[in-house]
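Working notes, structure below.
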Amino acid sequence: MATMKIKKGDMVKVIAGKDKDKEGKVISVNRKKNTLLVEGINMVTKHAKPSMQNQQGGIVHQEGPIDVSNVMYLHKGKATRVGFKMDGDKKVRFAKSTGEVID
Numbered sequence: 000m001a002t003m004k005i006k007k008g009d010m011v012k013v014i015a016g017k018d019k020d021k022e023g024k025v026i027s028v029n030r031k032k033n034t035l036l037v038e039g040i041n042m043v044t045k046h047a048k049p050s051m052q053n054q055q056g057g058i059v060h061q062e063g064p065i066d067v068s069n070v071m072y073l074h075k076g077k078a079t080r081v082g083f084k085m086d087g088d089k090k091v092r093f094a095k096s097t098g099e100v101i102d
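And the structure:
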């Protein structure tokens, strides 16, 4: 399995699907299914039973998973591809458009 180029906390832009051109922050990453949860993207309605956390129950709106291939990393407000390179003896991510190290 290839390494994930997008991590939790990254800002991403949706490049395909119903939320195309929207931007958001990555909430969580599922490496097994190759999916992400992005803030405010792919909102789904879920019917929740009343429980201790949710006394009312009812209809809850929450983020649904989106495939990692449908998003691009945002670097300084622009969508860019992400690459890996060795910085001394450490492997780092870099923005392919500018060549700058991300982390």
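Mapping to numbering that gives the first Met the number 0: the sequence shown position 39 is 38, numbers consecutive. Glycine included, every Cβ here is placed at the ideal spot set by N, Cα and C.
Taking residue i and residue j to be in contact with their CB atoms under 8 angstroms, please state how far apart those CB atoms are, rounded to whole angstroms.
i: Val-28; j: Ile-5; result: 7 angstroms
i: Lys-45; j: Gln-61; result: 6 angstroms
i: Val-70; j: Val-11; result: 4 angstroms
i: Ala-78; j: Ile-14; result: 7 angstroms
As a quick exercise: from the options, pick the residue whose alpha carbon is nearest that of residue i.
i: Ser-68; options: Leu-36, Asp-102 and Gly-8; result: Leu-36
i: Pro-49; options: Gly-57, Ile-14 and Arg-30; result: Gly-57
i: Gly-8; options: Val-91, Asp-102, Lys-24 and Thr-2; result: Lys-24
i: Met-42; options: Gln-52, Lys-32, Asp-88 and Val-59; result: Val-59
i: Thr-34; options: Asp-86, Lys-89, Val-91 and Gly-63; result: Gly-63
i: Lys-19; options: Tyr-72, Val-91, Ile-40 and Ala-47; result: Ile-40
Mind checking which residues open and close the beta strand (DSSP E) that includes residue i?
i: Ala-78; result: 77 to 79
i: Val-13; result: 10 to 13
i: Arg-92; result: 89 to 94
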